[in-house]
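*Asks:*
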Amino acid sequence: MSQYDLVVIGTGPGGYVCAIRAAQLGMRVAVVEKRAAHGGTCLNVGCIPSKALLHASELYEEAGHGFAGMGIKVKPQLDLKTMMAFKDEGVNGNTQGVAFLLKKNEIDAVHGLGRITAPGKVEVTPETGDAQTLEAKTVVIATGSDVAQIPGIEIDEKKVISSTGGLELGSVPKKMVVVGGGYIGLELGSVWRRLGSEVLVVEFLDRITPGMDAEVSKTFQRILKKQGMAFKLGHKVTGVETKGKGCKVTIEPAKGGEPETVDCDVVLVSIGRVPYTQGLGLEDVGVKLDNRGRVITDAHFKTNVDGIYAIGDVIAGPMLAHKAEDEGVAVAEILAGQSGHVNYDVIPGVVYTYPEVAAVGKTEEELKEAGVAYNVGKFPFTANGRAKVNRTTDGFVKILADKTTDRVLGVHIIGADAGNMIAEAAIAMEFGSSAEDIARTCHAHPTLPEAVKEAALAVDGRALHM
-2 MSQYDLVVIG
8 TGPGGYVCAI
18 RAAQLGMRVA
28 VVEKRAAHGG
38 TCLNVGCIPS
48 KALLHASELY
58 EEAGHGFAGM
68 GIKVKPQLDL
78 KTMMAFKDEG
88 VNGNTQGVAF
98 LLKKNEIDAV
108 HGLGRITAPG
118 KVEVTPETGD
128 AQTLEAKTVV
138 IATGSDVAQI
148 PGIEIDEKKV
158 ISSTGGLELG
168 SVPKKMVVVG
178 GGYIGLELGS
188 VWRRLGSEVL
198 VVEFLDRITP
208 GMDAEVSKTF
218 QRILKKQGMA
228 FKLGHKVTGV
238 ETKGKGCKVT
248 IEPAKGGEPE
258 TVDCDVVLVS
268 IGRVPYTQGL
278 GLEDVGVKLD
288 NRGRVITDAH
298 FKTNVDGIYA
308 IGDVIAGPML
318 AHKAEDEGVA
328 VAEILAGQSG
338 HVNYDVIPGV
348 VYTYPEVAAV
358 GKTEEELKEA
368 GVAYNVGKFP
378 FTANGRAKVN
388 RTTDGFVKIL
398 ADKTTDRVLG
408 VHIIGADAGN
418 MIAEAAIAME
428 FGSSAEDIAR
438 TCHAHPTLPE
448 AVKEAALAVD
458 GRALHM
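The working numbering puts the first residue of the sequence shown at -2, with every later residue one more than the last.
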């Protein structure tokens, strides 16, 4: 039996960051990972490989449709096998980087399925060989999430695929049905549309990206539709028949009505994710879960059982890698007697389609529901000099500021490189910035972030370039 200050179960972004921070603070740390490679869903079959394919497919489409207008004459040819190898190379580099960081920080990495047998004891069962028990003062559950499934529809990762299968297709399907109009489905749908698929998105609600600012969501759908993606909103998939060459998908109106059948080659099920708690032994040790299967914790990430904590997708809050990382740092610092903290009002979210969509803070709908009076400042990329010359004029920046104090309450961006631009807004909000503070900050010219400054000026009705 090995003795540690901390054992972290799971080495996704939350788990490995938690372990590293704890080691920096002088703790003896071990991590338990069921995969052969570290990094969790994010690095292995999520954030990293999907961004590689999004990047490659975006360049492929740009080469085929945009280069000629800039005086570059090429005729791109798709080599899907090499594109997948490019993706795998990026994944391997990142996962190996995590292994290096764990070793550098003298963290013991144990591979196998982890199970909490008692407070402070984690049994690890490898694929081959005998199980071993790790003993620690504290255990942090960082096991992340798994793909949510539709009852009665089996995911075989061949014809009916999850996001994992969506990263591994050996050929470009002629037609793809994406079930779910959220971040993951739209990103992977975009990849395969660019590479030649006819993509239909089926969404249960009456708009895509539920929870996003409604104006941004509406603009986002209009842009994706213009790019060639089709949508069937207010509908649900009730069955998939996979006999024969392709798939027959049964679709019904969400509010009831006559079903219809759509033929396709591949069905991508992307209706969300669920906490991964299977096999952890939580019931046996008395750790409580909520009605959505998430581990219940207090404000310091502690469960109802002494010595057991939880972070990331397995607890309440947005299922985002960077949220898990911040929680990993916070819980490590709390365990070391410091004041670790996560500001849940300032967690950005990004959809890595083209254009990108990024947001931080409140939407207009949330502010209206809360009865908060606010001002809006908007600036379109059509009026931004850099966007004009780069032919990236789709979208806008929207800033929501408190009507009385001018404090920034939310920032929403749809446009090229929105995922990077949102960082400026997050920093401003973290320090309690007003829209005037952003408006008075000198921004380099010509750059896309000038649109953020102009939107801040627009809060006070004084945008300069519109």
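For each residue, glycine too, the CB sits at the ideal point set by N, CA and C. Only a predicted model underlies this, so the values are computations on that prediction, with no experimental measurement involved.
Quick one: residues in its chain with C-beta nearer than 6 Å to the C-beta of residue 54, no 5 flanking neighbours on either side, listed in chain order?
*Replies:* If you number the sequence shown from 1, residue 54 lands on position 57. Closer than 6 Å at Cβ, skipping near neighbours: 188, 191, 192.
*Asks:* Tell me where the beta strand (DSSP E) around residue 129 begins and ends.
*Replies:* Position 132 of the sequence shown, counted from the first residue, corresponds to residue 129. Taken as a continuous stretch (DSSP letters only), the beta strand (DSSP E) holding residue 129 covers 129 to 138.
*Asks:* Provide the residue span of the beta strand (DSSP E) that contains residue 250, from first to last.
*Replies:* As a working note, residue 250 is residue 253 in the sequence shown. Its beta strand (DSSP E) spans residues 244 to 250.
*Asks:* Going by Cα to Cα distance, which pick from 209, 272, 168, 441 is closest to residue 357?
*Replies:* Start at 1 with the first residue of the sequence shown, and residue 357 comes out as number 360. For the residues 209, 272, 168, 441, the minimum Cα distance to residue 357 belongs to 209.
*Asks:* Quick check on this structure: which residue in 392, 380, 342 has the alpha carbon closest to the alpha carbon of residue 428?
*Replies:* What you label residue 428 is simply residue 431 of the sequence shown in a count that begins at 1. Checked all of 392, 380, 342; the closest Cα to residue 428 is 342.
*Asks:* Spatial neighbours of residue 195 within its chain, please: C-beta separation below 6 Å, excluding the five flanking residues on both sides.
*Replies:* For the purposes of this step, residue 195 is identified with residue 198 of the sequence shown, where counting begins at 1. 172.
*Asks:* Which one of 95, 83, 42 has the shortest CA to CA distance from residue 12?
*Replies:* Locating residue 12 in the sequence shown gives position 15, counting from the first residue. Among 95, 83, 42, the Cα nearest to that of residue 12 is on 95.
*Asks:* Beta carbon of residue 411, beta carbon of residue 345: below 7 Å?
*Replies:* As a working note, residue 411 is residue 414 in the sequence shown. As a working note, residue 345 is residue 348 in the sequence shown. Contact: no.
*Asks:* Give a yes or no on contact between the segment 29 to 37 and the segment 99 to 112, applying the rule of three or more CB pairs nearer than 8 Å.
*Replies:* yes
*Asks:* With a floor of 4 residues, list each alpha helix (DSSP H) that falls wholly inside the segment 18 to 77, ordered by position along the chain.
*Replies:* Runs of the alpha helix (DSSP H) spanning 4 or more residues and lying entirely within the segment 18 to 77 occur at 37 to 42, 44 to 62, in chain order.
*Asks:* Mind the definition here: the segment 79 to 86 touches the segment 38 to 55 only if three or more C-beta pairs lie below 8 Å; say whether that holds.
*Replies:* yes
*Asks:* Can you give me the C-alpha to C-alpha distance between residue 167 and residue 74, rounded to a whole angstrom?
*Replies:* Here residue 167 corresponds to residue number 170 of the sequence shown, with the count starting at 1. Here residue 74 corresponds to residue number 77 of the sequence shown, with the count starting at 1. Residue 167 and residue 74: Cα-Cα distance of roughly 16 Å.
*Asks:* How would you write the range of the beta strand (DSSP E) that residue 142 sits in, first residue to last?
*Replies:* Along the sequence shown, one-based indexing puts residue 142 at 145. First-last of the beta strand (DSSP E) with residue 142: 142 to 144.
*Asks:* Looking at residue 136: is its Cβ nearer than 7 Å to the Cβ of residue 121?
*Replies:* The count along the sequence shown starts at 1 and reaches residue 136 at position 139. The count along the sequence shown starts at 1 and reaches residue 121 at position 124. No; because the gap between Cβ atoms is not below 7 Å, this pair is not in contact.
*Asks:* Cα separation between residue 298 and residue 305?
*Replies:* Reading the sequence shown from its first residue, position 301 is the one you call residue 298. Reading the sequence shown from its first residue, position 308 is the one you call residue 305. Straight-line Cα distance between these residues: approximately 9 Å.
*Asks:* Using CA atoms only, rank isn't needed, just tell me which of 198, 287, 223 is closest to residue 246.
*Replies:* Counting from one through the sequence shown, the residue named residue 246 turns up at place 249. Answer by Cα proximity: 198.
*Asks:* Report the rounded CA-to-CA distance for residue 310 versus residue 388, giving the unit in angstroms.
*Replies:* For the purposes of this step, residue 310 is taken as the residue at position 313 of the sequence shown. For the purposes of this step, residue 388 is taken as the residue at position 391 of the sequence shown. In this structure, the alpha-carbon of residue 310 lies about 38 Å from that of residue 388.
*Asks:* Please name the residue, chosen from 117, 89, 375, that lies closest to residue 40 on a Cα-to-Cα basis.
*Replies:* Stepping through the sequence shown from its first residue, residue 40 is reached at position 43. Measuring from the Cα of residue 40, the nearest candidate turns out to be 89.
*Asks:* If you compare alpha carbons, which of 142, 204, 463 is closest to residue 272?
*Replies:* In the sequence shown, residue 272 corresponds to position 275, counting from 1. If we check each option's Cα against that of residue 272, 142 comes out closest.
*Asks:* Is the segment 144 to 158 in contact with the segment 226 to 245, if contact means three or more CB pairs nearer than 8 Å?
*Replies:* yes
*Asks:* State the DSSP-derived secondary structure class of residue 461, mapped to helix, strand or coil.
*Replies:* Here residue 461 refers to the residue found at position 464 when the sequence shown is read from its first residue. Coil at residue 461, not helix or strand.
*Asks:* Report the residue from 133, 33, 138 whose alpha carbon sits nearest the alpha carbon of residue 279.
*Replies:* By 1-based counting over the sequence shown, the position of residue 279 is 282. Selected option, being the one with the closest Cα: 138.
*Asks:* Within a Cβ cutoff of 6 Å, which residues of the same chain sit near residue 71, ignoring the five residues on either side of it in sequence?
*Replies:* The residue given as residue 71 occupies position 74 in the sequence shown. If we look at residue 71 and ignore the five residues flanking it on each side, its Cβ neighbours are 60, 64.
*Asks:* For my contact list, residue 362 and residue 211 are in at a C-beta cut-off of 8 Å; report their separation, rounded to the angstrom.
*Replies:* Here the question's residue 362 lines up with position 365 in the sequence shown. Here the question's residue 211 lines up with position 214 in the sequence shown. A Cβ-Cβ distance of about 6 Å is found for the pair residue 362 and residue 211, placing them in contact under the 8 Å criterion.
*Asks:* Considering only C-alpha positions, which residue in the set 369, 370, 373, 394 is nearest to residue 380?
*Replies:* As a first step, residue 380 is located in the sequence shown; it is residue number 383 there, counting from the start. Among 369, 370, 373, 394, the Cα nearest to that of residue 380 belongs to 394.
*Asks:* Let me know the secondary structure DSSP gives residue 272 once reduced to three states.
*Replies:* If you number the sequence shown from 1, residue 272 lands on position 275. Three-state DSSP puts residue 272 in a strand.
*Asks:* Evaluate the contact criterion for the segment 2 to 16 versus the segment 325 to 338: three or more CB pairs, one atom per stretch, below 8 Å.
*Replies:* yes
*Asks:* Could you pull out every residue in the same chain whose Cβ sits closer than 6 Å to the Cβ of residue 383, ignoring the five residues on either side in sequence?
*Replies:* Along the sequence shown, read from residue 1 onward, the residue named residue 383 stands at position 386. Counting only Cβ-Cβ distances below 6 Å, and skipping sequence neighbours, we find 443, 444, 445.
*Asks:* Might you give, ordered along the chain, the residues of its own chain that have their beta carbon closer than 6 Å to the beta carbon of residue 325, omitting 5 neighbours on each side?
*Replies:* Counted from its first residue, the sequence shown places residue 325 at position 328. Contacts found: 11, 14, 15, 308.
*Asks:* Can you grab the Cα-Cα spacing for the pair residue 269 / residue 347, in whole Å?
*Replies:* As a working mapping, residue 269 is identified with position 272 in the sequence shown. As a working mapping, residue 347 is identified with position 350 in the sequence shown. Going from the Cα of residue 269 to the Cα of residue 347 covers about 15 Å.
*Asks:* If you check the beta carbons only, do residue 248 and residue 257 fall under 7 Å apart?
*Replies:* As a first step, residue 248 must be located in the sequence shown, where it is residue number 251. As a first step, residue 257 must be located in the sequence shown, where it is residue number 260. Cβ distance < 7 Å, so residue 248 and residue 257 count as in contact.
*Asks:* Identify the continuous alpha helix (DSSP H) that holds residue 416 and give its terminal residues.
*Replies:* Stepping through the sequence shown from its first residue, residue 416 is reached at position 419. Annotation for residue 416: the continuous alpha helix (DSSP H) segment containing it runs 415 to 427.
*Asks:* Out of curiosity, what's the CA-to-CA distance linking residue 459 and residue 433?
*Replies:* What you label residue 459 is simply residue 462 of the sequence shown in a count that begins at 1. What you label residue 433 is simply residue 436 of the sequence shown in a count that begins at 1. Cα-Cα distance, rounded: 11 Å.
*Asks:* Which one of 20, 319, 289, 327 has the shortest CA to CA distance from residue 312?
*Replies:* On the sequence shown, position 315 is the one that residue 312 refers to. Closest by alpha carbon: 289.
*Asks:* Roughly how many angstroms lie between the CA atoms of residue 34 and residue 92, to the nearest whole one?
*Replies:* Counted from its first residue, the sequence shown places residue 34 at position 37. Counted from its first residue, the sequence shown places residue 92 at position 95. Going by the C-alpha atoms only, they are around 6 Å apart.
*Asks:* Does the separation of the CB atoms of residue 436 and residue 376 fall below 7 Å?
*Replies:* Counting from 1 along the sequence shown, the entry for residue 436 is found at position 439. Counting from 1 along the sequence shown, the entry for residue 376 is found at position 379. One thing to note: residue 436 has its Cβ no nearer than 7 Å to the Cβ of residue 376.
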